[in-house]
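Protein chains in written order, with the numbering used here: chain A, 533 to 673; chain B, 533 to 673; chain C, 533 to 673; chain D, 533 to 673.
Ideal Cβ positions, reconstructed from N, Cα and C, are used throughout, including at glycine.
Just so it is clear, the structure is predicted and the values come from calculations on it, not from any experiment.
Number of protein chains: 4
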Amino acid sequence: MLTVNRLSHADALILIRGAREKAREIGVPMCISIVDESGNLIAFERMDGGKVTSITISADKAYTAAAARKATHDYNAVNVPGNLAFGIHTEVGGRISSVGGGLPVSVNGEVVGGIGLSSGTPAQDMECAEAGIAHFYSTLE
Amino acid sequence: MLTVNRLSHADALILIRGAREKAREIGVPMCISIVDESGNLIAFERMDGGKVTSITISADKAYTAAAARKATHDYNAVNVPGNLAFGIHTEVGGRISSVGGGLPVSVNGEVVGGIGLSSGTPAQDMECAEAGIAHFYSTLE
Amino acid sequence: MLTVNRLSHADALILIRGAREKAREIGVPMCISIVDESGNLIAFERMDGGKVTSITISADKAYTAAAARKATHDYNAVNVPGNLAFGIHTEVGGRISSVGGGLPVSVNGEVVGGIGLSSGTPAQDMECAEAGIAHFYSTLE
Amino acid sequence: MLTVNRLSHADALILIRGAREKAREIGVPMCISIVDESGNLIAFERMDGGKVTSITISADKAYTAAAARKATHDYNAVNVPGNLAFGIHTEVGGRISSVGGGLPVSVNGEVVGGIGLSSGTPAQDMECAEAGIAHFYSTLE
């Protein structure tokens, strides 16, 4: 039997709060998805004005980051023609995302979930995802 | 009527064993898929710690290698903009994989199945897939 | 943070062994899928002669049983016209199965995974799934 | 290693010819799909006037009949509320068909492929599928 740690719903709300605050600060309403370590959705928020397409995109970014234990911008870096990982973004029915904005959430060196942001530029999405994690870590101290 | 040779379940377990041993040796828990010559799954193993995303990715690599009778890294080589094969990875509902780690399994010059590895880098996935086939061949001698 | 228990790969092989023995006993080669508590595949075996359609069906039965924490034959019982659960089998892209042969695997009252059998009649599939779990429990004692 | 027998392309054309003749005789232009023993398409014909929806339906009927080694009308008989197989038609992404018109093709007691007809009533589809197989058998003698 294996024992696995994962984000609780309360943890997910903390992550969303941190991401939402940054989204408000930069003036871009976002879709924010939080998944567990298996990539399954725990919480989702579409801020008023968040894009409809970003509902799925944010969830796929979070899924990729958690279930593959890799930031989506790291997949972006290797998803270039000629690299042996090229084409990874169409795998799993296209759910593997190589667009910046998905980050794994780790505690004590173990991936316990993922966060995915979408509606801004990839750089804005990444900034808000990082803010969510930073806020989450601040509550663990 | 045609007569076709394909891997048995016992053959599949031998392929998995060879791939698993290499995965352990390099310290990367893997997802390992073995398919028959038509691309249909015979056996699958997610080593403890293998990635959830790699369940499907390993199966799709094996499917591509067996059913198209081509290593996924060979598709990778031609899946570059400007090449007439560019975009092949989105075909068949995205099941065609151009990420290294899928190899056809041939006996007497005939493709009898495929092996797909996922969870490491493409180079690591390829190394373990090759180890699976090498172990399988060693049992045929 | 939540802590979750799930089947290991070694546990999955024990479940498969128990189901396979029963399948051999009744003379019906089966497809056998074992998933973790989130519904993700850990191990799969297509016995020589198992049906190709049963690859996906066994996996979906195991997925349903584990992720919904309900035997597929229990969904079958309520999936009748007029019952408020009618139509449940087309949900989640059709992955929810209401065909007998999928059982949750519980340890200490907690669902830690699922087993799905397919290739026989639903009654045969159920018998083999139960045999897998019985064998697994016998190794825990 | 396993050895499997399957329909050749020449066999598939014979099956189509028999089905087409019956379709002309009853005055219903049909879609006719022939698959191998793994359920993969070997030959397809849409007679002038065949329905567009029947392209996929005939292929799914043939797939079901060959890969599950069962006539689709036999699935129809058990796909009734209260039966433990109820809901089978939505499995494998909805490709399992319980509509009459798909038949396995057997030689020497072994399923070597499948035939699927669509565009008429299920009874007409079944009649034409049977005619295809009868014609195929007549050429084996």
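>> So, for Q656 (chain D): in the same chain, excluding its five sequence neighbours on each side, which residues have a beta-carbon less than 7 Å away from its beta-carbon?
In response: I558 and V560
>> Spatial neighbours of V643 (chain D) within its chain, please: C-beta separation below 8 Å, excluding the five flanking residues on both sides.
In response: E569, A598, R601, P636 and V637
> Taking Cβ-Cβ distances shorter than 8 Å, what residues in chain B pair up with M579 (chain C)?
Replying inline: H541
>> Using 8 Å for Cβ pairs, my map puts G664 (chain B) next to A542 (chain B). What's the rounded Cβ distance?
In response: That belief does not hold up - the Cβ atoms of G664 (chain B) and A542 (chain B) are roughly 14 Å apart, past 8 Å.
>> Am I right that F531 (chain B) and S565 (chain B) are in contact with their C-beta atoms under 8 Å? What's the rounded C-beta distance?
In response: This structure cannot settle anything about residue 531 (chain B), because the visible part of chain B is limited to 533 through 673.
>> If I measure Cβ to Cβ from I536 (chain A) and keep anything under 7 Å in the same chain, skipping five residues before and after, which residues do I get?
In response: The sequence given here has Val at residue 536 (chain A), not Ile. Cβ neighbours of V536 (chain A) beyond the five flanking positions: E569.
> Counting only beta-carbon atoms, is H667 (chain B) nearer than 8 Å to chain A?
Replying inline: no
>> Can you tell me whether P613 (chain C) is buried or exposed? The criterion is at least 16 other CB atoms within 10 Å of its CB, across all chains shown.
In response: exposed
> For T671 (chain C), is the classification buried or exposed, using 16 other Cβ atoms within 10 angstroms of its Cβ as the cut-off for buried?
Replying inline: exposed
> Thinking just about the alpha-carbon of each residue, which of D:T604, D:V610, D:E673 and D:A609 is nearest to the one in D592 (chain D)?
Replying inline: D:T604
> What are the residues that DSSP puts in a beta bridge with V639 (chain B)?
Replying inline: B:E642
> Which chain C residues sit within Cβ distance under 7 Å of G584 (chain B)?
Replying inline: Correcting the residue type first, residue 584 (chain B) is Val in the shown sequence and not Gly. Simply N572.
> In the DSSP assignment, what residue or residues form a beta bridge with N537 (chain A)?
Replying inline: C:T535
>> Quick check on this structure: which residue in D:A594, D:R627 and D:G581 has the alpha carbon closest to the alpha carbon of G634 (chain D)?
In response: D:A594
> By DSSP, does E569 (chain C) sit in helix, in strand, or in coil?
Replying inline: coil
> How would you call A617 (chain A), buried or exposed, if buried means at least 16 neighbouring beta carbons within 10 angstroms?
Replying inline: buried
> In chain D, which residues lie less than 9 Å from N537 (chain B) when you measure between Cβ atoms?
Replying inline: M533, L534, T535 and V536
>> Quick check: is the beta carbon of V639 (chain D) nearer than 8 Å to any beta carbon in chain B?
In response: yes
> Taking the C-alpha atoms as reference points, what is the distance between V567 (chain B) and G648 (chain C)?
Replying inline: 19 Å
> Of all the residues that make up the stretch 647-658 of chain C, which are near chain D by a beta-carbon distance shorter than 8 Å?
Replying inline: T653, P654, A655 and M658
>> Using 8 Å for Cβ pairs, my map puts I589 (chain A) next to S630 (chain A). What's the rounded Cβ distance?
In response: Their Cβ separation, rounded to whole angstroms, is 12 Å, which puts I589 (chain A) and S630 (chain A) out of contact at 8 Å.
> the stretch 605-639 of chain A: which residues have C-beta closer than 7 Å to a C-beta of chain B, in chain order?
Replying inline: P613, G614, L616, A617, F618, G619, I620, T622, E623, V624, G625, G626 and I628
>> Less than 6 Å between C-beta atoms, sequence neighbours within five positions excluded: which residues of the same chain meet that for G571 (chain C)?
In response: Y595, A598 and A599
> How would you list, in chain order, the residues of chain A whose beta-carbon sits under 7 Å from the beta-carbon of D568 (chain B)?
Replying inline: Simply none; closest approach about 21 Å.
> Just curious, the alpha helix (DSSP H) that P654 (chain C) is in, first and last residue?
Replying inline: P654 to L672
> Given that T596 (chain A) touches chain B, what residues does it touch there, using C-beta distances under 9 Å?
Replying inline: T585
> Taking the alpha-carbon positions, what's the I546 (chain B) to F668 (chain B) distance?
Replying inline: 6 Å
> Do you know whose CA, among D:I620, D:C660 and D:V639, lies nearest G652 (chain D)'s CA?
Replying inline: D:C660
> From the beta carbon of A600 (chain D), is the nearest beta carbon of chain C less than 8 Å away?
Replying inline: yes
>> Measuring alpha carbon to alpha carbon, tell me which residue in A:K554, A:S540 and A:M562 is nearest L573 (chain A).
In response: A:S540
> In or out: A666 (chain D) buried (at least 16 other Cβ within 10 Å) or exposed?
Replying inline: exposed
> Got a sec, what are the start and stop residues for the alpha helix (DSSP H) D592 (chain D) sits in?
Replying inline: T585 to A599
> Can you name, in chain order, every residue of its own chain whose Cβ lies under 8 Å from the Cβ of E553 (chain D), other than the five neighbours on each side?
Replying inline: A663 and H667
> Between the Cα of G632 (chain B) and the Cα atoms of B:V610, B:M533 and B:L534, which residue gives the shortest distance?
Replying inline: B:V610
>> Determine whether the beta carbon atoms of L534 (chain D) and R549 (chain B) lie at a separation below 8 Å.
In response: no
> Leaving out the 5 sequence neighbours to the left and right, which residues in its chain are closer than 8 Å to G619 (chain B) when beta-carbon positions are compared?
Replying inline: N611
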